[in-house]
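Asks: Under full-length UniProt numbering, the residues of the sequence shown are numbered 1 to 329, in order. No residue lacks a Cβ here, since even glycine has one placed at the ideal position from N, Cα and C. All of these numbers come straight from a predicted model, not from anything done at the bench.
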Amino acid sequence: MMFDGKAILITGGTGSFGKHCVKTLLERYSPSKVIVYSRDELKQFEMGQVFDAPAMRYFLGDVRDVERLKLAMRDVDYVIHAAALKQIPAAEYNPMECIKTNIYGANNVIDAALSQGVKKVVALSTDKAVNPVNLYGATKLASDKLFVAANNITGTLKTRFSVVRYGNVLGSRGSVVPFFKQLIAEGATELPITDPRMTRFWITLQEGIDLVLKSFERMQGGETFVPKIPSMKMTEMAKALAPQLPHKIVGIRPGEKLHEVMCPGESSHLTVEFPDHYVIMPTIEYSYKADYRRNALSETGSPVADGFVYSSDTNTDWLTAEALLERLG
Numbered sequence: 001m002m003f004d005g006k007a008i009l010i011t012g013g014t015g016s017f018g019k020h021c022v023k024t025l026l027e028r029y030s031p032s033k034v035i036v037y038s039r040d041e042l043k044q045f046e047m048g049q050v051f052d053a054p055a056m057r058y059f060l061g062d063v064r065d066v067e068r069l070k071l072a073m074r075d076v077d078y079v080i081h082a083a084a085l086k087q088i089p090a091a092e093y094n095p096m097e098c099i100k101t102n103i104y105g106a107n108n109v110i111d112a113a114l115s116q117g118v119k120k121v122v123a124l125s126t127d128k129a130v131n132p133v134n135l136y137g138a139t140k141l142a143s144d145k146l147f148v149a150a151n152n153i154t155g156t157l158k159t160r161f162s163v164v165r166y167g168n169v170l171g172s173r174g175s176v177v178p179f180f181k182q183l184i185a186e187g188a189t190e191l192p193i194t195d196p197r198m199t200r201f202w203i204t205l206q207e208g209i210d211l212v213l214k215s216f217e218r219m220q221g222g223e224t225f226v227p228k229i230p231s232m233k234m235t236e237m238a239k240a241l242a243p244q245l246p247h248k249i250v251g252i253r254p255g256e257k258l259h260e261v262m263c264p265g266e267s268s269h270l271t272v273e274f275p276d277h278y279v280i281m282p283t284i285e286y287s288y289k290a291d292y293r294r295n296a297l298s299e300t301g302s303p304v305a306d307g308f309v310y311s312s313d314t315n316t317d318w319l320t321a322e323a324l325l326e327r328l329g
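#1: So, are the CB atoms of Pro-227 and Ile-203 less than 8 Å apart?
#2: Check whether the stretch 63-72 touches the stretch 105-121, counting contact only when three or more Cβ pairs, one atom from each stretch, lie closer than 8 Å.
#3: Could you tell me whether the stretch 194-214 touches the stretch 245-264, using the rule of 3 or more Cβ pairs below 8 Å?
#4: Using a 10 Å radius around the Cβ and a threshold of 16 neighbouring Cβ atoms, would you call Gly-329 buried or exposed?
#5: What residues in its chain sit with their C-beta under 7 Å from that of Ala-131, if we drop five residues either side in the sequence?
#6: Can you list, in chain order, the residues of its chain with a C-beta nearer than 7 Å to that of Ile-284? Leave out the 5 residues immediately preceding and following it.
#7: What do you reckon, are the CB atoms on Glu-217 and Met-281 nearer than 8 Å?
#8: Just list the beta strand (DSSP E) runs in the stretch 27-84, keeping only unbroken ones of 3 residues or longer that don't cross its boundaries, in chain order.
#9: In angstroms, rounded to a whole number, what distance separates the CA positions of Gln-49 and Ser-32?
#10: Checking the sheet assignment: what are the DSSP bridge partners for residue 330?
#11: Jot down the residue ranges of each uninterrupted beta strand (DSSP E) in the stretch 197-245, minimum 3 residues, whole runs only, in chain order.
#12: Following the continuous alpha helix (DSSP H) through Pro-254, name the residue where it begins and the one where it ends.
#13: Could you have a look at Leu-9 and say whether DSSP puts it in helix, strand or coil?
#14: By Cβ distance, which residues of its chain are closer than 8 Å to Asp-306, with the 5 residues on each side in sequence left out?
#15: Between the C-alpha atoms of Glu-236 and Pro-54, what's the straight-line distance to the nearest angstrom?
#16: Enumerate in chain order the residues of its own chain whose CB-to-CB distance from Ala-113 is below 7 Å, with the five nearest sequence positions on each side excluded.
#17: What's the gap between the Cα of Leu-60 and the Cα of Ile-35?
#18: Provide the residue(s) that pair with Lys-248 in DSSP beta bridges, ordered along the chain.
#19: Rounding to the nearest angstrom, what Cα-Cα distance links Leu-213 and Ser-231 in this structure?
#20: Could you pull the start and end residues of the beta strand (DSSP E) that Met-262 belongs to?
#21: Find out if the Cβ-Cβ distance for the pair His-259, Thr-199 is shorter than 8 Å.
#22: Going by the CB atoms, is the gap between Ala-90 and Thr-11 shorter than 8 Å?
#23: Along the chain, where does the beta strand (DSSP E) containing Glu-273 start, and where does it finish?
#24: List the endpoints of the continuous beta strand (DSSP E) containing Tyr-278.
#25: How should Asp-291 be labelled, buried or exposed, when 16 other C-beta atoms within 10 angstroms of its C-beta is the threshold for buried?
#26: Could you give the distance in angstroms between the alpha-carbon of Ala-84 and the alpha-carbon of Glu-190?
#27: Do Phe-17 and Leu-124 have their beta-carbon atoms positioned less than 8 Å apart in this structure?
#28: Tell me the residue span of the alpha helix (DSSP H) that contains Thr-314.
#29: If we call anything under 8 Å between Cβ atoms a contact, is Ala-129 one with Lys-119?
#30: Just how far apart, CA to CA, sit Ser-287 and Phe-308?
#31: As a quick exercise: from Gly-221, Gln-206, Gln-244, pick the residue whose alpha carbon is nearest that of Arg-293.
#32: Should Ala-93 be labelled buried (16 or more other beta-carbon atoms within 10 Å of its own) or exposed?
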């Protein structure tokens, strides 16, 4: 098993993804160390009450601090980079803070991983990094580019970097599902909808974690993994959660799109389709050769059609109300 006897570090490890990822690693594997790297001591303390296995380590630090990252990554085999400032309005009001964490922080993770000889790094991305219209998306696009290009500066090192991109996470902190549920619990008489046409890609937290962990096995370095996941109209989501409540159209907020894209048409010549995911190949050549149509697990893919776009509104897989409620448990 890939993670047995290995040391794994998760930046932003006290977030929704980090906590569930730690749970999955401890349940499925026998890692030598699972290091939670984050800057919030209270969240680390609370997490330590739940996850107190001998393999657990809690490391206070910020991704803005490259020296602290280097110390934390000593003797680490694999890194999952989940730390980011994600709130779109906060990023618009505090642009430099978002840039420091999401771009400078990404570069620090790369520098630290290279200096400590980490084997593999997977960085979490977002559909908002594709043709971004807000600062959060723009910083994640820059972060993606940094991780893809990092494979070009490894020299004789075996360190490899890849990116995993997916859509909205069902039930995660800050997502619309807990917001709607809170309004319903408080006795709301209507649910706010930004635009009746709006669609989004949806993935469960466990599906996202499974994708990331599988990507460590599949990756060769430089590719962006995109899962095949369902879409749902926001109006249908609201109906599923509260069939009896009417909707109030409040208009698209600054920095929002009607639909999200995970594989843009401009990258169709670089996109390879596998049974359950897509791979976007890097635009640059590395000193090592990689055939991205055949991954490290010997799974094979095929090039997509010219101009192919993987968008939430033209997706062929749609989430029903029943399937949504089932996924939410």
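Replies: Per the coordinate set shown:
#1: Position 227 of the sequence shown holds residue 227. Position 203 of the sequence shown holds residue 203. Cβ atoms of Pro-227 and Ile-203: closer than 8 Å.
#2: Taking a cut-off of 8 Å for Cβ pairs, the stretch 63-72 and the stretch 105-121 touch, as three or more such pairs fall below it.
#3: Enough Cβ pairs lie closer than 8 Å, so yes.
#4: Indexing the sequence shown from 1 puts residue 329 at position 329. Classified as exposed, Gly-329 has fewer than 16 neighbouring CB atoms from the shown chains inside 10 Å of its CB.
#5: Along the sequence shown, read from residue 1 onward, the residue named residue 131 stands at position 131. Per the sequence shown, residue 131 should be read as Asn rather than Ala. Result list for Asn-131: Val-261, Pro-264, in chain order.
#6: The sequence position of residue 284 within the sequence shown is 284, counting from 1. Counting only Cβ-Cβ distances below 7 Å, and skipping sequence neighbours, we find Ala-149, Asn-152.
#7: Against the sequence shown, residue 217 aligns to sequence position 217. Against the sequence shown, residue 281 aligns to sequence position 281. No; because the gap between Cβ atoms is not below 8 Å, this pair is not in contact.
#8: Segments of the beta strand (DSSP E) lying fully in the stretch 27-84: 33-38, 56-60, 78-81.
#9: Taking the first residue of the sequence shown as 1, we reach residue 49 at position 49. Taking the first residue of the sequence shown as 1, we reach residue 32 at position 32. Approximately 19 Å between the Cα atoms of the pair.
#10: Nothing about residue 330 can be read from this structure; the chain reaches only from 1 to 329.
#11: DSSP runs (the beta strand (DSSP E)) wholly in the stretch 197-245: 199-203, 224-227, 231-233.
#12: Residue mapping note: residue 254 aligns to position 254 of the sequence shown, counting from 1. Careful: Pro-254 lies outside any alpha helix (DSSP H) and carries neither H nor E.
#13: One-based indexing of the sequence shown puts residue 9 at position 9. It is a strand residue.
#14: The residue you call residue 306 lines up with position 306 of the sequence shown. Beyond the five residues adjoining it in sequence on each side, Asp-306 comes within less than 8 Å, by CB distance, of Ser-268, His-269 in the same chain, given in chain order.
#15: As a first step, residue 236 is located in the sequence shown; it is residue number 236 there, counting from the start. As a first step, residue 54 is located in the sequence shown; it is residue number 54 there, counting from the start. Whole-angstrom Cα-Cα distance: 45 Å.
#16: Mapped onto the sequence shown, residue 113 falls at position 113. Hits under 7 Å: Met-73, Val-79, Val-121, Thr-159.
#17: The count along the sequence shown starts at 1 and reaches residue 60 at position 60. The count along the sequence shown starts at 1 and reaches residue 35 at position 35. Their backbone Cα atoms lie some 10 Å apart in a straight line.
#18: Within the sequence shown, residue 248 is the residue found at index 248, counting from 1. DSSP output for Lys-248 lists Pro-192 as bridge partner(s).
#19: Position 213 of the sequence shown holds residue 213. Position 231 of the sequence shown holds residue 231. Taking C-alpha positions only, Leu-213 is separated from Ser-231 by approximately 23 Å.
#20: Stepping through the sequence shown from its first residue, residue 262 is reached at position 262. In the DSSP assignment, Met-262 falls within the unbroken beta strand (DSSP E) covering 261-263.
#21: Taking the sequence shown and counting its residues from 1, one reaches residue 259 at position 259. Taking the sequence shown and counting its residues from 1, one reaches residue 199 at position 199. In this structure, His-259 sits near Thr-199, with a CB-CB distance shorter than 8 Å.
#22: For the purposes of this step, residue 11 is taken as residue 11 along the sequence shown, with counting starting at 1. For the purposes of this step, residue 90 is taken as residue 90 along the sequence shown, with counting starting at 1. Taking 8 Å as the cut-off, the beta carbon of Thr-11 is found no closer than this to the beta carbon of Ala-90.
#23: Taking the first residue of the sequence shown as position 1, residue 273 is located at position 273. Its beta strand (DSSP E) spans residues 271-273.
#24: Start at 1 with the first residue of the sequence shown, and residue 278 comes out as number 278. Looking at the DSSP string, the run of the beta strand (DSSP E) that includes Tyr-278 is 277-280.
#25: One-based indexing of the sequence shown puts residue 291 at position 291. Exposed.
#26: What you label residue 84 is simply residue 84 of the sequence shown in a count that begins at 1. What you label residue 190 is simply residue 190 of the sequence shown in a count that begins at 1. If I take the Cα positions, the gap works out to 32 Å.
#27: For this step, residue 124 is matched to residue 124 along the sequence shown. For this step, residue 17 is matched to residue 17 along the sequence shown. Going by C-beta atoms, Leu-124 is nearer than 8 Å to Phe-17.
#28: To locate residue 314, count along the sequence shown from 1; it is residue 314. Looking at the DSSP string, Thr-314 is not in any alpha helix (DSSP H), and its letter there is neither H nor E.
#29: In the sequence shown, residue 129 corresponds to position 129, counting from 1. In the sequence shown, residue 119 corresponds to position 119, counting from 1. For the 8 Å CB-CB criterion, Ala-129 and Lys-119 do not form a contact.
#30: If you number the sequence shown from 1, residue 287 lands on position 287. If you number the sequence shown from 1, residue 308 lands on position 308. Cα-Cα distance, rounded: 29 Å.
#31: Residue 293 sits at position 293 when you count from the first residue of the sequence shown. Nearest C-alpha to Arg-293: Gly-221.
#32: Mapped onto the sequence shown, residue 93 falls at position 93. Note that residue 93 is Tyr in the sequence shown, not Ala. Classification of Tyr-93: exposed, given that the 10 Å Cβ count is below 16.
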